[in-house]
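In the numbering used here, the protein residues as written are 46 to 1287. Backbone N, C-alpha and C fix where the C-beta goes; we use that ideal spot for every residue, glycine too. Predicted model only: the values in this text are computed from it and were never measured.
Pasting the structure below:
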């Protein structure tokens, strides 16, 4: 402390020097010290530093003054409150000084102090704000000195922006000071007053807000001056924006008064007034979309009129003709993105302000388009032609806004990704109207490209006839890059047959760009070449035996290929190029050889060694591996023998590299080479590569293991000799260890089964039945079972999933083993009949199940009896395995086993649940291929009859299995069975209706099915149970609706107006469903409607992702707000919904922030009772974490940081030591761009 005081004293002494350089350096050093977090000042030093800095504000040297002002910022956080108040008093006094320089520097100082005041310390901030506010109010009213007024208004705006909530007592005084300034003769004063008022309304009460609106409307109605009207309209627009940040509903309530006045003045002769009116209307549309709805038609008509307002220029086209002008324009223009502007566009008049009116009209139209998706079809009839006709706009700024508005129209036309829409839309849909009116040619640059990209996204294939109009004139590099990126979009957005005729027009310009000196242009041009190659000669055509390029002469194709190859080769050879160009050149050369290798046969000796050289380079090896994979997989069977002997060892060495992407790509390339070039690779080389594979076969990286196993399988099938004894000894332990892993599943499991089958089928020495994966202890397998058996209590055998995957592996080995298969199966049956433990029993049953899927086991005696007797043990896992085994074995011989299972379901009520699971397994297995469906078809009527008898089963588990079976059978025979299912829905028995509704859920899958058209026609009937009188029926109906909304939203989109009110009604807490249950001396409330509400909220969550354009978001959000105060499970759901809504509909959420923040605050500040159990603490912690995620998502909304309620909540969060680190971590994760607010709906 003493050393700091001494150092500060020295600096203060230098600040009194007569030499300005000394004063400057000392002040600079002081600022450096003040910026250190560690500095602590004693009371005496504080006083001296403050006094000296305030004195330096009056220094004669401007640089010293500026440094002194900068010092005030860090000083505010280093001194006591009394010192800060002293600084503010002095600065406020200086504001009224006669010296202009002192006034200016003092106003800057006040702004600096205000910006540095800590938000969390409300006492200091409140005291300082109160001191400043009175002075500012009097300064604002000081009409004689405009410069003082302007500075005071600036400072007041900053003050209200940060601390408006602390000045509530001053709000009436401030409003009285500001309102007269709206009539000031100085435009600068009026503008700054409007800014101050927009900040004031963020925190003022309703009466003051109404007073402001009344004043503005009264001024508009009585004003005879255009300047006053302009000011009031500007203020209304600014207030609309300001109020929106906190409580948009307040402005919405007054819109019925405000909008007519604004619309009335929008036809005034004053052009600036028209512009301000249009800007105000744009604010209304964006900020109060619900309340402005009645005025939307009028606003659209006004904008369409104003967008053509250009009294000072005579266009050649008749604007009143609309469509004719558009057609003529489209004929005259070609899409030359960088062509110099025509003479008409060079016209400029400094006094002409009409372009501002047109620009404001275009922006207002864009806001309508972005928020009123329900008017989309109508807009294509009225707005679209008008916008297209204005593509000839002479002012570049206005033209860009017009193009931006049309881009918004196209963006709104994009079908939701979840919808299964056909490529050619219905005749009356917005997409079809877009195709009819697509702007084929526009004279714009970047905006035109953005528009056309959206056009391709909204209506794929619509530019097929206009591709040749794309022109790459000599122009700026940035424009070339934009155009080349668009060409890639263009080519990808059309079928190859559509684009092929335009290749001759596009290719010369693209080839010229490959030689461009700017590397980014070169890289994009090579990307275009790569894309064009795929279009010119698709691999499917080569596979079908089509020679050359369809519809193009051989000579012309040869010229194309030669030109592309020569350009690419120059870049491929160059070693002093940018990395991006190198990679693009390698990828393009690989694509070219893959598709046109037969045309380049003589060039391969030149080109392939370059690939080999790039393969040896650490920087380019990954790209080269991918390019070689394309070449190796080409149907042209390119001759790679010249480089294989050198390339294969290099690829083998890549498998040892610590680069996952390289290892995966290398494995894919090696597998492709083994499949297509096995005769050209020596056994010795391949065996050396296979020696590198075992290290990759492990559970640490299942994707890598899967790819490695695929390579081993390919080698086994194509080159079994490559599996030398050394390779086998290295591979076998790793393969067997992975087979026992509980993590083995999905693609890795499939690859494991494939490789084991291949090893046994190929009869590789030492890889027969004798080395099959070890089975559970006690599983008989004949004398050849030589592998050690693991202990049944080992960790890998404790997971049920490990048994299932291991059983599949055993079955693969047994089924491929030929004549010994049935003998081994009998051994498993013996294990199942006389088990030593539950684990032995379960594994034996699972092995029988997997073998029975592939072999007919009906010849084995006692099989049915053993399987049925396995239904009785106490272990649920054994019973489940027995049920699975019976169903799987039946797949091998349906006529033998299926009637037996159906009879047992009827005869054995106690085993009904397990037998139904067996039946479900049969239906699931036999639904996979057309052949298996045909095998099951004769039994479907008998199965249906048996299942229909159990629709009223009292046990819910059995009913669910019956429902799943009924639903899957309907998928196989929709014409015959769906009418029966609809009859079940009309049953008088609630349980039958429940089963039928659940069955409907299983008819809706995420893949196209034959039943889809029938479901679409009768979906309204199938959703009638949503209004059923029984709770249970309504709950499963909501689950079925959720499945439809998630998997096939097109089925329910058109029904939402009728269905949504029902869903919303189910989100309400119903007191009649809450009952009290006595538990000893205590009473416990049970809510029978909780599951129903949870299902309703789950439906709402799903609709956010699939049918957002059909939802009234305001009403939706109101029900979400109710859920924020509901039960734990529902809170968790609604927190997710808040986060998603913040991302999808930020403008709407911003209006409702206050009502969303309060429930979140209640959750985060909730305390768990002291005597609560551990689970209650964990539940509360998870609830708080979810609430913090929602708060973080709300904070990401633009302008959310200006909302005082949200920022106060964030400050409160950061003041809790247990919440602050969690919140910081969530904010850090959310900034990474990954949406963590998605619920797993699989």
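| Asked | Found |
| --- | --- |
| Can you tell me which of the three DSSP states residue 1127 falls into? | strand |
| Does residue 1122 come out as helix, strand or coil in the three-state DSSP assignment? | strand |
| Below 8 Å on the Cβ atoms is my guess for residue 207 versus residue 177; work out the distance and round it to an integer in Å. | That pair is no contact at about 12 Å. |
| With a cut-off of 8 Å on the beta carbons, I'd call residue 998 and residue 964 a contact; round off their distance for me. | Residue 998 to residue 964, Cβ: 14 Å. No contact. |
| Less than 8 Å between the C-beta atoms of residue 591 and residue 602, yes or no? | no |
| Taking residue 1004 as part of the alpha helix (DSSP H), name the residues at either end of that continuous run. | 1001-1017 |
| Compute the beta-carbon to beta-carbon distance between residue 736 and residue 691, rounded to the nearest angstrom, for a pair I have assumed lies under 8 Å. | Residue 736 to residue 691, Cβ: 18 Å. No contact. |
| Thinking just about the alpha-carbon of each residue, which of 1048, 1049, 1074 is nearest to the one in residue 1033? | 1074 |
| Would you kindly report the start and end of the unbroken alpha helix (DSSP H) that includes residue 1231? | 1219-1240 |
| Just grab the DSSP bridge partners of residue 1132 for me. | 1119 |
| Return yes when the Cβ of residue 580 is within less than 8 Å of the Cβ of residue 536, no when it is not. | yes |
| Pull up the CB-CB distance for residue 194 and residue 133, whole angstroms please, since I reckon it's below 8 Å. | Wrong, their Cβ atoms sit about 19 Å apart, outside the cutoff. |
| Should residue 1127 be labelled buried (16 or more other beta-carbon atoms within 10 Å of its own) or exposed? | exposed |
| Distance, Cα to Cα, residue 1061 vs residue 1096? | 5 Å |
| Can residue 12 and residue 431 be called in contact, C-beta distance under 8 Å? | In the structure as shown, the chain begins at 46 and stops at 1287. Residue 12 is therefore absent and cannot be evaluated. |
| Could you check how far apart the C-beta atoms of residue 435 and residue 499 are, in whole angstroms? I think they sit under 8 Å. | Not confirmed; about 17 Å, so no contact. |
| Evaluate residue 180 with the Cβ neighbour count: other Cβ atoms within 10 Å of its Cβ, from every protein chain shown; 16 or more gives buried, anything less gives exposed. | buried |
| Which residue spans inside the stretch 741-775 form an unbroken alpha helix (DSSP H) run of at least 4? | 747-763 |
| For residue 1187 and residue 1164, what's the separation of their Cα atoms in angstroms? | 15 Å |
| Where do the N-terminal and C-terminal ends of the alpha helix (DSSP H) with residue 154 fall, by residue? | 145-161 |
| Using the Cβ count rule (16 or more neighbours within 10 Å means buried), how would you classify residue 1176? | buried |
| Tell me where the alpha helix (DSSP H) around residue 1196 begins and ends. | 1191-1196 |
| Out of 971, 599, 609, which one is the CA nearest neighbour of residue 570? | 609 |
| Report the three-state DSSP secondary structure of residue 1089 (helix, strand or coil). | helix |
| Cα-Cα, which of 660, 1055, 703, 724 is closest to residue 684? | 724 |
| Do residue 173 and residue 129 have their beta-carbon atoms positioned less than 8 Å apart in this structure? | yes |
| Could you give the C-beta distance for residue 1152 and residue 1191, rounded to a whole number, given that I count them as a contact under 8 Å? | The pair is not a contact, with the Cβ atoms about 19 Å apart (cut-off 8 Å). |
| Considering just the uninterrupted stretch of the alpha helix (DSSP H) at residue 612, what are its terminal residues? | 599-618 |
| Quick check: the stretch 1041-1060 against the stretch 1003-1018, are there 3 or more CB pairs under 8 Å? | yes |
| Flag this pair as touching only if the stretch 1200-1212 and the stretch 1245-1262 have three or more C-beta atom pairs under 8 Å; answer yes or no. | yes |
| Could you give the residue range of the alpha helix (DSSP H) that holds residue 896? | 883-899 |
| Between the Cα of residue 925 and the Cα atoms of 941, 888, 896, which residue gives the shortest distance? | 888 |
| Below 8 Å, how does it come out for the stretch 968-982 and the stretch 934-948: are there three or more Cβ pairs, yes or no? | yes |
| Going by beta carbon distance, what residues of the same chain come within less than 7 Å of residue 1265, once the five residues before and after it are set aside? | 1258, 1259 |
| Quick check for students: name the residue ranges of the alpha helix (DSSP H) that lie wholly in the stretch 262-323, counting only runs of 4 or more. | 271-310 |
| Identify, in the order they occur along the chain, each residue of the same chain with its Cβ nearer than 6 Å to the Cβ of residue 1275, setting aside the five sequence neighbours on each side. | 1237 |
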